[in-house]
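Engineer:
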Amino acid sequence: METLIAEDLALLLLDDDKGTMAASSVARPLFGGALLVELALSGAVEVAEKTGVWSSAKVRATGTAAPSDPLLAAALATVAKQPRSAQDLTNRIGKGVREQLLERLVDRGLLERREGRFLGLFPHTTWPAADAAHERAVRQRLQDVLVTGVDPDPRTAGLVALLAAVDQAHKVVDPDRLKARQVKRRAKDVAEGAWAADAVRDAVQAAQAAVTAAVVASTAATTAGGS
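Per our numbering: the sequence shown = residues 2 to 228.
Structure follows, in structure tokens:
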């Protein structure tokens with residue numbers, strides 16, 4: 002089954018039984034980042050050279066044909082309007098993507114949509130697994146890379162980079178005899194490694210940095226709100 006990196010990411014972050022999602026507070030930039038990574042791997046976007054010491058690197062479209070997938074096509078159309086920072090783009094193209102991904106996965110028979118009420122009062126939707134076979138295959142690829150030490154293909158490396166950005170890489174595999182910090186270290190090495198052409202890797206790492214920044218901002222806001 003062909004899926005987007007963003008769809009695989011959603012499956013990995015969802016609890017198969019409860020149907021709730023980890024890292025939901027940064028879902029918008031995270032899934033925007035996943036679309037950006039997919040576009041980078043296809044060669045549709047690249048990171049432009051910085052124009053000055055104080056300017057940030059911008060992501061721009063390369064002029065390739067629009068992808069057939071509507072989510073990717075919409076994301077590329079946004080990138081093509083003008084070069085923007087990855088942090089800006091992940092928020093722009095990630096708007097509403099989480100919900101679209103979940104509905105697509107329901108349509109494919111991988112998730113089930115369940116409506117309920119939290120505390121018996123507030124409407125609440127969960128997305129438990131309906132068919133976990135594809136997710137198991139994705140987890141096995143991650144297991145091979147993060148625990149066994151197999152060299153990643155570009156797609157798996159991009160997925161690892163996104164999981165590392167939200168501190169979930171060590172939670173989607175069985176660490177076996179490794180400690181969590183060792184799996185995290187491996188995920189960091191994969192994200193920084195020579196698994197793709199420099200232009201692709203630069204774009205993926207820009208997306209990863211944007212998601213990491215969103216996580217830091219979300220954590221700071223939560224801490225400030227609780228103090």
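We treat Cβ as the ideally placed atom computed from N, Cα and C, and that holds for glycine. Bear in mind that the values here come from a model prediction, so they are computed numbers and not experimental data.
1) In three-state DSSP terms, what is V216?
2) Please go through the same chain and pick out, in chain order, the residues whose beta-carbon is closer than 6 Å to the beta-carbon of A158, but skip the five residues on each side of it.
3) Provide the residue(s) that pair with A87 in DSSP beta bridges, ordered along the chain.
4) Going by beta-carbon coordinates alone, are A211 and Q83 separated by less than 8 Å?
5) In the DSSP assignment, find the unbroken beta strand (DSSP E) run with R60 in it and report its ends.
6) Pop quiz: E47 and A204 are said to be a contact at Cβ under 8 Å. What is the actual Cβ separation, rounded to whole angstroms?
7) E104 lies in the alpha helix (DSSP H); which residues open and close that run?
8) Just verifying my parser: in three-state terms, what is the DSSP assignment at V167?
9) Taking the alpha carbon of Q209 as the point to measure from, which residue in K180, R187, V167 has its own alpha carbon closest?
10) To which residues does DSSP link R118 through a beta bridge?
11) Looking at the unbroken alpha helix (DSSP H) that takes in V184, where does it start and where does it end?
12) Going by the beta-carbon positions, is the gap between V80 and L90 smaller than 8 Å?
13) Thinking just about the alpha-carbon of each residue, which of E136, T220, G34, Q144 is nearest to the one in D175?
14) Leaving out five residues on either side along the sequence, give the residues of the same chain with a beta carbon under 7 Å from the beta carbon of L216.
15) Taking its Cβ as the centre, do 16 or more other Cβ atoms sit within 10 Å of R99, making it buried, or is it exposed?
Structural biologist: This is what the structure holds:
1) helix
2) V191, W196
3) When DSSP reads this structure, A87 sits in no beta bridge, so it has no partner.
4) no
5) In the sequence as presented, Arg is not what sits at residue 60; that position holds Val. V60 -> beta strand (DSSP E) spans 60-62.
6) 6 Å
7) 98-108
8) coil
9) V167
10) DSSP, once it has assigned bridges, lists P124 as partnering R118.
11) 181-193
12) yes
13) Q144
14) Residue 216 is actually Val in this sequence, not Leu. So the list reads V27, A166, V167, once near-sequence residues are dropped.
15) buried
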